[in-house]
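Protein chains in written order, with the numbering used here: chain Z, 444 to 785; chain A, 444 to 785; chain H, 444 to 785; chain R, 444 to 785.
Protein chains: 4
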Amino acid sequence: MSHKIAILGASGYTGAELIRLIATHPTFEIVALSGDRKAGQPMSSVYPHLRHLDLPDLVTIEDIDFSGVDLAFCALPHATSQAVIRDLPKDLKVVDLSADFRLRDPEAYARWYGGAHQALDQQAEAVYGLTEFYREEIRAARLVAGTGCNAATGQFALRPLIAAGVIDLDRIVMDLKAAASGAGRSLKEHLLFSELFENVKGYSMGGTHRHLGEFDQEFSAIAGREVRVQFTPHLIPATRGILLTNYVSGDPEAIHAALTAAYAEEVFIRVLPMGEVPQMKDVRASNFCHIGVVGDRIDGRATVVAVLDNLTKGSAGQAVQNANLMLGVEETAGLMAAPVFP
Amino acid sequence: MSHKIAILGASGYTGAELIRLIATHPTFEIVALSGDRKAGQPMSSVYPHLRHLDLPDLVTIEDIDFSGVDLAFCALPHATSQAVIRDLPKDLKVVDLSADFRLRDPEAYARWYGGAHQALDQQAEAVYGLTEFYREEIRAARLVAGTGCNAATGQFALRPLIAAGVIDLDRIVMDLKAAASGAGRSLKEHLLFSELFENVKGYSMGGTHRHLGEFDQEFSAIAGREVRVQFTPHLIPATRGILLTNYVSGDPEAIHAALTAAYAEEVFIRVLPMGEVPQMKDVRASNFCHIGVVGDRIDGRATVVAVLDNLTKGSAGQAVQNANLMLGVEETAGLMAAPVFP
Amino acid sequence: MSHKIAILGASGYTGAELIRLIATHPTFEIVALSGDRKAGQPMSSVYPHLRHLDLPDLVTIEDIDFSGVDLAFCALPHATSQAVIRDLPKDLKVVDLSADFRLRDPEAYARWYGGAHQALDQQAEAVYGLTEFYREEIRAARLVAGTGCNAATGQFALRPLIAAGVIDLDRIVMDLKAAASGAGRSLKEHLLFSELFENVKGYSMGGTHRHLGEFDQEFSAIAGREVRVQFTPHLIPATRGILLTNYVSGDPEAIHAALTAAYAEEVFIRVLPMGEVPQMKDVRASNFCHIGVVGDRIDGRATVVAVLDNLTKGSAGQAVQNANLMLGVEETAGLMAAPVFP
Amino acid sequence: MSHKIAILGASGYTGAELIRLIATHPTFEIVALSGDRKAGQPMSSVYPHLRHLDLPDLVTIEDIDFSGVDLAFCALPHATSQAVIRDLPKDLKVVDLSADFRLRDPEAYARWYGGAHQALDQQAEAVYGLTEFYREEIRAARLVAGTGCNAATGQFALRPLIAAGVIDLDRIVMDLKAAASGAGRSLKEHLLFSELFENVKGYSMGGTHRHLGEFDQEFSAIAGREVRVQFTPHLIPATRGILLTNYVSGDPEAIHAALTAAYAEEVFIRVLPMGEVPQMKDVRASNFCHIGVVGDRIDGRATVVAVLDNLTKGSAGQAVQNANLMLGVEETAGLMAAPVFP
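This is the structure we're talking about:
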């Protein structure tokens, strides 16, 4: 059995990560790669580390014949993605890695992304791609919206706690440390090596980061009331990885128990023994997410630390996991590689 | 005019940083350097970057004649420091960079450092070395206790807010990112390049970090009631620098105003315009501390970000600033070098 | 079909890398892991990134029952390795990752490693493990000696050129840049993060690096005369990877042709188009080696650049590749993961 | 006494480094800063680390009144610089940090830089700015051409050897490792953090790097015959610093003696004891250059290693040193800060 795969926007980091994962996938076969500005080039010019693979050259999306394609990953920039997906064949299975279909409420979309959505029909049918919590919907979906990488990390840490009612919903503080690849291969001054090296900086301060739209949507839905978290991401001098430190009010043991119960059957989410916390590097280049809980010296306070690789579990790995479900393949296919350490 | 300076424990990073700063100090002259395990070696063997300086060889403390010494910097490990300082000439001015004399209450010391203090007389006379807040006491002091580098950062950010009564004292969350040199030149597995590179990890989780003893002591004294903060330090892949993100409840404008007022006359503490935050690298290798305030989307919440270089303003720079006061030199002497960027 | 695998010395970086590779190997099953100082601990304590694997706890070598073991990887320190292997069952297949069995001549061994060999019988039977050049011998071997990671890199670049007679054997200059993990997890000052970060340093200068013993042995054998190269390794601020710049005298086109011909059928060795050179990161965490050739403005000079991952193709990957041959498994089994980029 | 200084092109890294050095210079006072694209902005917006300094806002060059200016540093891009300097007042002292006036021969300029020089009169009067070798000419010069940072490193290592006739001029191999800031603050893909981190790559391979024009000019002039070196620069994951490994044929002791003699009276150039080599970090953020020599196991071969900070001794520090000479100030003024380590 083989599944024909197209990747739209293959010249970015998530595109490259999809190819890396699919390279050892038992049933996926890449039949088309698009990269508008680099159309006509072989992939090995754009990403020489993929030189050993027999890949199709980059083409424009218009030049792809989707008739034989089983599933398309869409790794295009935000806004571009919705316009492209709107015009794809209506029966083509699609996993979108952009932000375009994450928010269900068109008004929330417009507020966080600064403009009206251009593909409301598709937005209405899109399933939110946080696999461990939307597994059945994803299995049946035609269009799955990959989550934000920060949003995934935060939800893995906090959804079970909100669902179990073990933390104070008005006192959630989330301090996130994110590696540079989350910002993609774009040419921005603060992403230059000389700027980021030996540096740490907060960004999207004060509750302005767009992934808050996902937290608002999801956490409020679980809680059955409006939940607003205080969230600050920081850019750190690393390439891959997210470490999220959550400061919560609640009983540490109950918190640990809620997480342990929620993920008892999950392959990719690992809850550490009480009192231990993961380090960012423990999941590098893998589809795993590690979570730890520590009680504070202040009674009724706890710290919940979650780590994942933004390009894998936070993006392309999640996408492959969802595609596996959509195509009826073993959910873990192509995703069991151990983290790369050191 | 010249001041004869001895540095005890010159083979560690803070020792090297003291020498770096004193190298261009207008009145300080290094007359003795101790380094027990490396006694007999020239400094250029231990730190080749100091090769151009005409420095005395390392000796044991016993071999130092303190009669002509105006001031000794003590950069020894914790616990060792108190035993050494107890036996130094009683009229010798001393700036200690260890943790040994930071806590005024012997019981608090015993609790945080796991044993009874061995130099209670000296502990009693020691002045807490946070220059901007203990300036007059330091000027008159014989023995000054350098603060913890994390403790300094947190106090620069929060003391004015506690003093002004503009934040909720029971809702302070401090998330700190610290570079590796704060842990010194010690051979520990987690400090290896291959371990820390591409990594972030929390440590002393759950309110167990010893610098909390300083926060407890100082914040409670200012507030006139017990204050307990929730504090998590993280080790980041950088050599120098601390970035501290403080999550507080209070009016952002009032918070910014309190900081601006507190530091209006300070040379080394710079409060950024409202809504701007500093990045860690902005103060590297300098004695400056930058602080910024951002209001949150949640009413009555704010984020206060402070950065400094742990080896300079957080340790050796602070020590030189205090020594300047103790010796009647211009407070900023030797400390006005601009940060190194990039 | 399943092959029972033991790893001796599993607590070092090459041990961890072996486990990472074997985790997705189709036939290898780890049945025993030794780690003398950490005997009794679960692997997840030593390497939390392997938490998701069902691995045996660490034991001492004495506690391993080798009767059911098909092959042992020996990732012990130099000198220890020969003593251990000498005492293993004589019919146990062994892939040694140490330096102990690389040099065929006992005198050469004694000269480079500073003492007489303790397992001369085993040394006599050991096959040099540079797979692409000793494939048939390895297939038939009981004991294979993994090459030095630097030695592998240099031989991949230069063996075909010496064999083809296209370069001046007396004018070979090899400038190597090596990441820190090549030095293992040992606690040495120069391997501390704060020392290596923002640094580059030459080591084993002047022709004293032990991998020169391998170059001498192999290059001289190919040339049929004594060959001595000028070789300087440099430690660079990276975790994984080697980039070797070879300066040679010869016709650039002939050099490129010799490499292209030599590796035409090789899966893991990729020769770039004439005039292109690889970057270190292009092969990270993979078993690939990329080689490029550029002619110089000076007639008759060329630069040959080779890159590989020291822990994978330079050590554990090579070891698995050799084990595959020894056990009659597909040579590439478990080794086709694409490089991790960025 | 005070000297009025203008910096043209202050928004790049060398501009920022000039300001950093001048910040503690005893006689230099910055009166004008230009930055065309950022004209109108305060320097603290472009470089927040300079926030504590009282600096003029950025203006366009046209808006600068040069009548009261004693000396202008020109830190503009190549090609732009010659057009600007051509139109400056003819009696204004200028230190140019670009490549525009380094090559004396207009044909060599055209060949290496791909076009005719636009300011031949100024090119004719320009003095090559390698201070230690052109000190008297610089003292008398109106226009000094700062050297390339790589070119400076190579000349410090090799000029004395060529002059003393102790090495084979036809067998010089120079392998250079350069940190990213040498490429400036420009937005290029290979300078992104995610690309350079955990990477090393050669560039301008095969004798195409423009600094070879300087080596050709200077080495040939010293030797009295044409000298062509084989030179490959590599980009390494660091911000500041150059480490150059020179492979030469000659007697190691004679080589060491020639270097020692040449730099016996120099403050900034330090030759290490025979057999020792410097590491890159030993001179970071300083105006020092360290050089070491090691003999090879091959008779008549040696390795000469030189390190400097590309932004300081390789560019802005050299420029200040030259300006000191041109203005009759102590040559070392503002330049004696010790290296920053770790």
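Using N, Cα and C, we set each Cβ at its ideal position, and we do this for glycine too.
It should be emphasised that the depicted structure is a prediction, and the values quoted were computed from it without experimental measurement.
Are residue i and residue j close, meaning C-beta to C-beta below 7 Å?
i              : j              : result
E472 (chain Z) : S454 (chain Z) : no
K620 (chain R) : I679 (chain R) : yes
L476 (chain Z) : L501 (chain Z) : yes
H654 (chain A) : A594 (chain A) : yes
V512 (chain A) : V587 (chain A) : no
L634 (chain R) : F636 (chain Z) : yes
S624 (chain Z) : Y456 (chain Z) : yes
T503 (chain A) : A482 (chain A) : yes
R727 (chain Z) : P676 (chain Z) : no
A762 (chain A) : G589 (chain A) : yes
F576 (chain A) : L535 (chain A) : no
Round the Cβ separation of residue i and residue j to the nearest angstrom and send it over; I've been treating them as touching at under 8 Å.
i              : j              : result
N767 (chain A) : A780 (chain A) : Not a contact, Cβ separation roughly 15 Å.
C517 (chain Z) : L540 (chain Z) : 6 Å
A569 (chain R) : H560 (chain R) : Not quite, the Cβ-Cβ distance comes to about 11 Å (not below 8 Å), so this is no contact.
H733 (chain A) : V750 (chain A) : 5 Å
V737 (chain H) : G649 (chain R) : 4 Å
D612 (chain A) : A666 (chain A) : Contrary to the premise, residue 612 (chain A) reads as Leu rather than Asp in this sequence. Rounded, the Cβ-Cβ distance is 6 Å, consistent with contact.
G656 (chain A) : L573 (chain A) : Rounded, the Cβ-Cβ distance is 14 Å, inconsistent with contact.
Helix, strand or coil, according to DSSP, for residue i in the structure here?
i              : result
Y418 (chain R) : Missing from the structure shown is residue 418 (chain R); chain R here goes from 444 to 785 and no further.
Y571 (chain H) : strand
V527 (chain R) : helix
T457 (chain A) : helix
N593 (chain A) : helix
Y690 (chain H) : strand
D659 (chain H) : helix
T675 (chain H) : strand
D611 (chain Z) : coil
R713 (chain H) : strand
F640 (chain Z) : coil
D479 (chain R) : helix
R727 (chain R) : coil
H793 (chain H) : This structure cannot settle anything about residue 793 (chain H), because the visible part of chain H is limited to 444 through 785.
A623 (chain H) : helix
E632 (chain Z) : helix
Using CA atoms only, rank isn't needed, just tell me which of the options is closest to residue i.
i              : options                        : result
L601 (chain H) : H:I615, H:A588, H:C592, H:T590 : H:I615
Y490 (chain H) : Z:P469, Z:M723, Z:S629         : Z:M723
A562 (chain H) : H:E579, H:T503, H:I528         : H:I528
V786 (chain R) : R:A551, R:S692, R:I504, R:P785 : The requested residue 786 (chain R) does not occur in the structure, where chain R is confined to residues 444 to 785.
P520 (chain Z) : Z:R683, Z:F636, Z:E641, Z:R480 : Z:R480
D752 (chain H) : Z:D739, Z:Q764, Z:F784         : Z:F784
M617 (chain H) : R:Q484, R:D739, R:G771, R:A701 : R:D739
D548 (chain R) : R:I448, R:S663, R:G627, R:F640 : R:S663
R585 (chain A) : A:V720, A:Q566, A:F599         : A:Q566
L493 (chain H) : H:D506, H:I507, H:E460         : H:E460
G718 (chain R) : H:Y646, H:I450, H:K756         : H:Y646
G757 (chain H) : H:I448, H:C592, H:E550, H:G558 : H:C592
A551 (chain R) : R:R578, R:E661, R:P532, R:I507 : R:E661
Open item on the list: Which runs of the beta strand (DSSP E) at least 3 residues long sit entirely within the segment 489-536 of chain H? Give them in chain order.
Closed with: Listed in chain order, the complete beta strand (DSSP E) runs (minimum 3 residues) inside the segment 489-536 of chain H are 514-517.
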